[in-house]
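Here is the structure we will look at, set down as structure tokens.
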Amino acid sequence: TEFIVFDDGIKAKEAKGKDSKKSLRTELGLITYEPNLLFNRGPRVMTIIVPNARSKTQFHKYMAEEKGALKCAYNSDPKDKKLFVLCNKKPKWNQNIRAYCLNFHGRVTLPSVKNFQVSNADNEEHVVLQFGKVGEHEFTLDLTYPLSPLQAFAVALSSFDNKKVVD
Numbered sequence: 021t022e023f024i025v026f027d028d029g030i031k032a033k034e035a036k037g038k039d040s041k042k043s044l045r046t047e048l049g050l051i052t053y054e055p056n057l058l059f060n061r062g063p064r065v066m067t068i069i070v071p072n073a074r075s076k077t078q079f080h081k082y083m084a085e086e087k088g089a090l091k092c093a094y095n096s097d098p099k100d101k102k103l104f105v106l107c108n109k110k111p112k113w114n115q116n117i118r119a120y121c122l123n124f125h126g127r128v129t130l131p132s133v134k135n136f137q138v139s140n141a142d143n144e145e146h147v148v149l150q151f152g153k154v155g156e157h158e159f160t161l162d163l164t165y166p167l168s169p170l171q172a173f174a175v176a177l178s179s180f181d182n183k184k185v186v187d
């Protein structure tokens, strides 16, 4: 299952015939969920790809002339320095409570299949996003660079989608 996060630009199809290259929508992120072959018995596998910063105020742009600009860039060079590749931390099985667990340092208080932490693919200990349940209908979302609040919120929203063979 894939989700693409866009800015507020216009679709390429709607821009045809106009000189609107500047207002074409840009891909801000790609969120993928790999199939969970254990069905409801194992943790999800999530990958997030976001553009890296060119400077303190500008990010590399992936114009959405065709759907999948970030995916194409990643597939052509997975080590591209213009991209940040983030993955969910793999929870560890806790035999005492017979469940997968992550350490949220008190920020997440209720168990949920939607709880997750995301880190750089090269450094699993540095958590850049965590999302988890704190009440019956309440969740908490913590983030840091390289994610913007919009990108982090999009990742959190994607966890609520009913994914086939993932959730």
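Sequential numbering from 21 applies to the sequence shown in our numbering.
Think of the CB as a built atom: it goes at the ideal place given N, C-alpha and C, for glycine as much as any other residue.
Quick check: K102 and P55, are their CB atoms within less than 8 Å of each other?
In terms of Cβ geometry, K102 and P55 do not form a close pair [threshold 8 Å].
Does chain C have any CB closer than 8 Å to the CB of I69?
The structure shown has no chain C; it contains just one protein chain.
Nearest to Q159 (by Cα), restricted to the options R127, P166, V148:
Here residue 159 is Phe; the residue named in the question, Gln, does not match the sequence. Relative to F159, the option among R127, P166, V148 whose CA is nearest is R127.
Exposure label - Y165; buried when at least 16 CB within 10 Å:
Exposed, by the Cβ-count rule.
How big is the Cα-Cα spacing for F180 and S132?
11 Å
Cβ pair K110, S139 closer than 8 Å:
no
Closest to K91 by CA distance: which of A176, F23, S168 is it?
F23
Let me make sure I understand the geometry here. Which of I117, N116, Q115, F136 has the alpha-carbon closest to that of N123?
It is F136.
If I'm right that D162 touches L177 with Cβ under 8 Å, what's the distance once you round it to whole angstroms?
Rounded, the Cβ-Cβ distance is 16 Å, inconsistent with contact.
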